[in-house]
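Residue numbers (the UniProt record's numbering): 2 to 253.
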Amino acid sequence: ANLFEIRGLNSVIEGKEILKGFDLSIQKGEVHAIMGPNGTGKSTLASSIMGHPKYEVTEGEVYLEGEDVLEMGVDERARAGLFLAMQYPSEITGVTNADFLRSAINARRPEGDEISLIKFIRLMEGKMKELEMDPEFMHRYLNEGFSGGEKKRNEILQMLMIEPQLSILDEIDSGLDIDALKIVAAGVNAMRDAKRSFLIITHYQRLLNYIRPDFVHVMMQGRIVKSGGPELAERLEAEGYDWIKEELGIVD
Ligand code: ADP
Ligand code: MG
Ligand code: MG
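See below:
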């Protein structure tokens, strides 16, 4: 069975239909990349999967390990193993990075089996070191005053700590310089194994030089219009999106 499956998803924001019959299947251990022009609905897809209240799913199905995701509340989706590293992470005053992560981890563990404080701190220190993050970020309020790049790195820290079944990374590369991009990619690659899957949303092929995807999908006008391997991303980088529009007769 598929780890994750989306069938015929339609999603509406402020009365406007953005996702139009979106289909995608992801098996355990696979890395899928979604590329597409700005405004094509990539972030809408991510938010709709996570259950963001602004996005109304009007049609279609989403399953994680056979469980109906659309029936789940937002917290339940996270507990079930879905994770979104956001394009624009929000700042939360009064909640430290450590507090936030410890509750996120414990929410996924059975009651009475919470991670000990010592173990948690060791784990967090180790992961922060991997990501070359300053230890002071442990006790900073979540994303408050973080630069764009620090926010992105912090999203990856959360992913490494929570170890989700399916990690969705929405334009994690934007705002990262090449050194930070390599560190972030190394973090993702270290987490790759036969069980965990990734959906990497990106505007640029550059990231995919460091995180080699198994499949590349092109998204236009709210659905996938073309799929291939990493060579598809390379062609998009070299030639842009116009050839696909011509090939498919898309007028915009
Ligand atoms: P992408 O991530 O591919 O750039 P988005 O999913 O962010 O695309 O946006 C898809 C479309 O939905 C765009 O036309 C955008 O203007 C619209 N949209 C996204 N978010 C909102 C919002 N909060 N309110 C109104 N329209 C939105
Ligand atoms: Mg965008
Ligand atoms: Mg976006």
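We put the beta carbon where it would ideally sit given N, CA and C, even for glycine. In this text, all values refer to a predicted model and were calculated from it rather than measured experimentally.
| Asked | Found |
| --- | --- |
| Could you give the uninterrupted runs of the beta strand (DSSP E) lying entirely in the segment 64–141, keeping only those of 3 residues or more? | 83–86, 93–97 |
| Taking just the CA atoms, how far does Q88 sit from S44? | 8 Å |
| DSSP state of N3, grouped into three classes? | coil |
| For ligand 1, which residues have a Cβ under 5 Å from at least one heavy atom, in chain order? | I14, E15, I19, N39, G40, T41, G42, K43, S44, T45 |
| Assess contact between the segment 2–16 and the segment 53–68, defined as three or more Cβ pairs (one per stretch) separated by less than 8 Å. Is contact present? | yes |
| Please determine if the segment 177–197 and the segment 11–24 are in contact, where contact requires at least 3 C-beta pairs separated by less than 8 Å. | no |
| Where does G52 land, buried or exposed, given buried means 16+ other C-beta within 10 angstroms? | buried |
| Evaluate contact between the segment 32–41 and the segment 201–213, counting only Cβ atoms and requiring at least three cross-stretch pairs below 8 Å. | yes |
| Quick check: the segment 134–143 against the segment 88–106, are at least 3 beta-carbon pairs closer than 8 Å? | yes |
| What whole-angstrom Cβ distance do F84 and I169 have, given they're in contact under 8 Å? | 7 Å |
| Counting only the same chain and skipping the five closest in sequence on each side, list residues whose C-beta sits under 8 Å from that of G67. | A2 |
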